[in-house]
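In what follows, a structure is listed as structure tokens, so that the remarks can point back to it.
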Amino acid sequence: MKSFIVFAVFVAISVALPFEVFEDETGQEFVLVPVQRQRRDVTWLVDEDKYGLGQKGKFFSNNNHQFDGSYGASKAWGSHGLKPDTFGGRLDYINKPSGSTGFVGVDRTPGYGTDVTAGAKYNIAQGKNWGADVTGQYGRHFGGPGGTGKPEAGVSLNVEGKF
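Residue numbers -16 to -1, 1 to 147, in mature numbering (1 follows the signal peptide of the UniProt record, and there is no 0), belong to the letters of the sequence shown in order.
What follows is the structure, encoded as structure tokens:
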């Protein structure tokens, strides 16, 4: 009996909720629903050396592709002024059917230069209990007291198995 009463209350509430039906010039009826917004996570950083703020979110996503982005800034406790000591951002790409990924990131510290990084992972083959992929990364430091550094790059082959 209790479950019937609970069910009846839920049905009564759902039927009582108002919604507007709109009709266009051809006679088709539409129900308008609010636009769904993507969630964006805000990250706070507070530790003994610095404090910072960052945000990440999804720019685009469908059944095959996804683009995520993030940015942030941090400042040392003892530094002066309002400008952040370090700031940067990153853009990530995911190919959902293959599981392949890629990213590009930039971090800037005024007076000390800019770090640029990029990388990708491509799934070569996958089985039920194993997988193989190739990963490549590139990074370089531009400007600052030491000048522009040499590029750093690497490629690796990863094989994973579950026994």
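C-beta atoms are modelled at their ideal positions from N, C-alpha and C, and glycine is treated no differently.
None of the values given here were measured: they were computed from a predicted structure.
Going by the DSSP bridge assignment, what does residue i pair with across the sheet?
i: D117; result: N107, N142
i: I(-12); result: Beta-bridge pairing links I(-12) to no other residue.
i: V30; result: Y35
i: H49; result: N79
i: T85; result: I78, K105
Could you tell me the distance, in whole angstroms, from the CA atom of residue i to the CA atom of residue j?
i: E13; j: G72; result: 48 Å
i: residue 153; j: M(-16); result: Residue 153 lies beyond the residue range present for the chain, which begins at -16 and ends at 147; the question has no answer from this structure.
i: G38; j: H64; result: 20 Å
i: T98; j: D25; result: 25 Å
i: V143; j: W114; result: 7 Å
i: G120; j: G83; result: 15 Å
Take the Cβ of residue i as the centre, count every other Cβ of all protein chains shown within 10 Å, and call the residue buried at 16 or more, exposed below.
i: D117; result: buried
i: H125; result: buried
i: P94; result: exposed
Comparing alpha-carbon positions, which option in the options lies nearest residue i?
i: K42; options: L29, L75, D33, G56; result: L75
i: W28; options: G123, N48, G56, P81; result: G56
i: L141; options: A104, H49, G131; result: A104
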